[in-house]
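Residue numbers (the working numbering): 63 to 156.
Okay, structure first, notes after.
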Amino acid sequence: MDKQDVERQLGDVPGWTLRKDAKALERSFDFKNFREAFGFMTQCALAAEKLNHHPEWFNVYKRVDVVLTTHDTGGLTDLDFRLAKAMNRAAGIS
Numbered sequence: 063m064d065k066q067d068v069e070r071q072l073g074d075v076p077g078w079t080l081r082k083d084a085k086a087l088e089r090s091f092d093f094k095n096f097r098e099a100f101g102f103m104t105q106c107a108l109a110a111e112k113l114n115h116h117p118e119w120f121n122v123y124k125r126v127d128v129v130l131t132t133h134d135t136g137g138l139t140d141l142d143f144r145l146a147k148a149m150n151r152a153a154g155i156s
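Here it is in structure tokens:
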């Protein structure tokens, strides 16, 4: 994706930021407890499988930190933004 495409699509995924190297999206999600965080991860895992595009993520108790990038291309693709949107929906964020 070129810089203009990335900037345009970034506006469609509230809460996500572009990593400094511009090759990935990042976001942290905070939930009420571990059960909610794990439920979110389960929903996201199903979405990731449908897209055949999997996140880099880290979970501690009620927080889930996520990095999205497309390793095959060495940067961002439409798949990253589609998964970011699905993750926002799973977290109840439009």
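Glycine included, each C-beta is placed from N, C-alpha and C at the ideal position.
Treat the numbers as computed from the prediction; the structure is a model and nothing was measured.
With respect to the beta strand (DSSP E) encompassing R125, which residues constitute its N-terminal and C-terminal limits?
125-130
By the three-class DSSP mapping on this structure, what secondary structure does R150 have?
Strictly speaking, residue 150 in this sequence is Asn, with Arg absent from that position. Reduced to three states, the DSSP call for N150 is helix.
Which of helix, strand or coil does DSSP assign to G137?
strand
May I ask you to list the residues that DSSP assigns as paired with E88?
T79, V129
Local conformation of F93 per DSSP, three classes
coil
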